[in-house]
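Chains as they are written, first to last, in the UniProt record's numbering: chain H, 1 to 249; chain V, 1 to 249.
Number of protein chains: 2
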Amino acid sequence: MSGLKFRNNHIVATYECDKTSNMTLPSLINNMVETSGLQSHALGNTEEQMSERGLAWIIIQYDIKINRMPTRREEITLETEALSYNRFFTYRAFRAFDQADNLLVEVITTFGVMEMTTRKLTQVSKELIAPYQAEEIRTMLRAPKIKPVNKETATSMPFRVRYLDIDGNMHVNNAKYFDWIINTIDTDILENYLIEAVTIKYEKEVGFGNMIESTVSVEQLADNKVMTAHVIENGGGNACIANITWVKR
Amino acid sequence: MSGLKFRNNHIVATYECDKTSNMTLPSLINNMVETSGLQSHALGNTEEQMSERGLAWIIIQYDIKINRMPTRREEITLETEALSYNRFFTYRAFRAFDQADNLLVEVITTFGVMEMTTRKLTQVSKELIAPYQAEEIRTMLRAPKIKPVNKETATSMPFRVRYLDIDGNMHVNNAKYFDWIINTIDTDILENYLIEAVTIKYEKEVGFGNMIESTVSVEQLADNKVMTAHVIENGGGNACIANITWVKR
């Protein structure tokens with residue numbers, strides 16, 4: 001189960017880090033997704049060609065495992081690999097390595113193809129996927145279950161969608177959701193814990209001017225860990241659900 | 001009037017662009033300021049050494065002239081040059097060039113040195129500035145006047161400072177102010193005009209959890225241009241003032 005790989009080096013910039021000099025999750029995800037854009041570009045399958053066909057790649061789900069977050073000024077290697085695809089989804093790995101080739105972060109990603117006019121998912125055509133040499137599969141990849149927020153203990157915060165949150169697909173960029181998620185979490189967790197794992201599922205796109213509600217609940221786990229459960233609601237419906245596992249620093 | 005230069009290449013990433021595939025102002029500024037961090041690092045004057053002395057470089061003012069914004073996937077060269085310094089300020093240029101070496105953007109920046117415990121400006125020591133070989137001057141560089149907002153026609157929007165807005169200096173990163181500024185401007189201007197010039201002055205730092213008010217007024221100029229005047233207020237006082245000149249696309 002593996003297709004073409006593509007690698008790209010990156011030096012973590014100051015502005016990509018939080019106040020503890022660790023790279024932020026949205027910055028890491030942005031850089032990872034960019035490697036798949038660069039791979040597509042190198043294979044002659046550009047975003048411009050996608051738009052000409054009226055199509056866009058969109059992110060459906062990330063499953064993220066973090067051994068260690070990259071830090072400021074660290075040189076990392078970002079790798080992407082087209083894994084497999086079925087009628088509706090393509091699966092792709094993103095990995096970050098340090099200079100000794102230790103795996104820092106691995107992200108298994110589910111992509112779909114959206115029709116720009118209807119804003120609906122469409123089938124993944126063989127012509128579109130061929131250049132990546134991924135394996136065709138008939139099944140769906142089993143994804144980790146996402147626990148719902150505990151409504152009895154949950155807290156919420158509203159966020160207004162800003163002009164600069166909107167990307168070339170004319171909706172909120174997937175990495176912005178992490179901003180809405182992280183910024184609802186108590187600073188005690190943000191300052192004293194590190195992210196170990198994230199599962200996030202995008203259910204509905206969010207547009208300019210929308211007012212979303214980001215809700216979080218916290219559950220204590222064994223071994224000095226906590227789990228935060230998240231839901232982002234937009235006009236009554238769920239736009240996104242997520243779980244994050246945190247381990248004490 | 002010129003000291004050491006430092007150059008760095010950058011390929012504009014998708015996530016650094018707005019929905020029209022032009023690089024956003026905060027992304028450009030972030031990348032420019034990073035080149036001065038890399039220069040300092042190369043000269044052995046790291047952020048870590050600054051913190052050990054209890055000091056931090058902070059941005060006081062940007063004067064930005066834009067011939068053309070870089071676009072998605074464009075390879076640009078970012079240049080920084082230590083210009084001159086006086087007792088309290090250092091002046092530094094940032095420039096972006098395209099691959100034919102055309103000047104795309106030039107930014108003249110005023111830096112100060114902040115004492116981390118008192119959060120106050122302190123004198124620029126010769127020891128600190130020596131590695132950059134900038135010229136010592138006795139005067140202040142003349143800065144463009146910033147027109148105040150027209151309170152009779154102004155509109156405002158509140159923004160809550162988020163955890164990820166805070167940088168290693170434990171205050172809101174200077175580029176975040178552009179987010180607050182741009183996101184108050186009418187979409188008619190954002191979509192139909194391009195930024196030609198910006199002058200922005202940082203007057204007071206903003207901390208985590210603060211609720212700021214971003215106010216804008218619009219003035220029609222000749223030649224299909226408009227000027228937006230901005231003030232960011234925090235707890236009654238001004239945190240930042242700015243003027244942006246826009247030209248019709």
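Using N, Cα and C, we set each Cβ at its ideal position, and we do this for glycine too.
- In terms of Cα proximity to isoleucine 146 of chain V, the closest of V/Ala154, V/Ile137, V/Thr35 and V/Asp63 is V/Asp63.
- Annotation for lysine 151 of chain H: no beta strand (DSSP E) segment contains it, and DSSP assigns it neither H nor E.
- Excluding its 5 nearest sequence neighbours in each direction, leucine 164 of chain V has no C-beta neighbour in its own chain below 8 Å.
- Our two residues, arginine 7 of chain H and threonine 80 of chain V, have alpha carbons roughly 29 Å apart in a direct line.
- In the three-state scheme derived from DSSP, where H, G and I count as helix and E and B as strand, glutamine 61 of chain V is classed as strand.
- Taking a beta-carbon distance threshold of 8 Å, histidine 41 of chain H counts as an interface residue toward chain V.
- If you draw a straight line from the Cα of alanine 96 of chain V to the Cα of lysine 248 of chain H, it is about 42 Å long.
- For a cut-off of 8 Å, the C-beta gap from serine 21 of chain V to threonine 71 of chain V is around 5 Å, short enough to register as a contact.
- Counting the other Cβ atoms within 10 Å of the Cβ of asparagine 192 of chain H gives fewer than 16, which makes it exposed.
- In the displayed model, glutamine 220 of chain H falls within a strand according to three-state DSSP.
- Of the other Cβ atoms in all chains shown, fewer than 16 fall within 10 Å of the Cβ of methionine 140 of chain V; this residue is therefore exposed.
- The C-beta distance from isoleucine 76 of chain V to valine 12 of chain V rounds to 7 Å, short enough to meet the 8 Å contact threshold.
- With a cutoff of 8 Å on beta-carbon distance, asparagine 169 of chain V and isoleucine 29 of chain V are scored as not near each other.
- Within chain V, Ala13, Thr14, Tyr15 and Glu16 have C-beta atoms less than 9 Å from the C-beta of asparagine 30 of chain H, given in sequence order.
- As computed with DSSP, tyrosine 85 of chain H is found in a beta bridge with H/Thr90 and H/Glu136.
- With a cutoff of 8 Å on beta-carbon distance, serine 214 of chain H and isoleucine 244 of chain H are scored as not near each other.
- When beta bridges are read from the DSSP output, glycine 112 of chain V appears opposite V/Ile58.
- Boundaries for tyrosine 193 of chain H: no alpha helix (DSSP H) harbours it, while the beta strand (DSSP E) harbouring it runs 193-202, taken from the DSSP string.
- Of V/Pro158, V/Val206 and V/Gly112, the smallest CA-CA separation from isoleucine 129 of chain V is found for V/Gly112.
- In the DSSP annotation of this structure, the continuous segment of the alpha helix (DSSP H) that includes asparagine 31 of chain V starts and ends at 25-42.
- DSSP, reduced to helix, strand and coil, places isoleucine 185 of chain H outside both helices and strands of the structure shown, so it counts as coil.
- Taking C-beta atoms as the reference points, glycine 54 of chain V and glutamate 47 of chain V fail to come closer than 8 Å.
- Going by C-alpha positions, leucine 190 of chain V is about 15 Å away from valine 161 of chain H.
- Under the three-pair Cβ rule at 8 Å, the region 230-241 of chain H counts as touching the region 198-209 of chain H.
- If you ignore the 5 residues before and after alanine 82 of chain V, its C-beta comes within less than 6 Å of the C-beta of Gly3, Leu4, Arg92, Tyr132 and Ala134, all in its own chain and listed in chain order.
- The straight-line gap separating the alpha-carbon atoms of leucine 104 of chain H and glutamine 123 of chain V is approximately 41 Å.
- Residues of chain H whose Cβ lies closer than 8 Å to the Cβ of aspartate 179 of chain V are, in chain order, Arg162 and Leu164.
- Taking a beta-carbon distance threshold of 8 Å, alanine 175 of chain V counts as an interface residue toward chain H.
- Assigned with DSSP and collapsed to three states, glutamate 47 of chain V falls in helix.
- Cβ neighbours of serine 217 of chain V within its own chain (closer than 6 Å, five residues either side excluded): Val149, Asn150, Thr153, Ala154 and Ala229.
- In this structure, the straight-line span from the alpha carbon of phenylalanine 88 of chain H to that of alanine 56 of chain H is close to 13 Å.
- The three-state reading of DSSP puts glutamate 127 of chain H in helix, counting H, G and I together.
- Per DSSP, reduced to three states, the secondary structure at glutamate 205 of chain H is coil, with no helix or strand assignment.
- 8 Å or more divides the Cβ of arginine 138 of chain H from the Cβ of asparagine 173 of chain H.
- Any Cβ of chain V closer than 8 Å to the Cβ of serine 217 of chain H would place that residue at the interface, and such an atom is absent.
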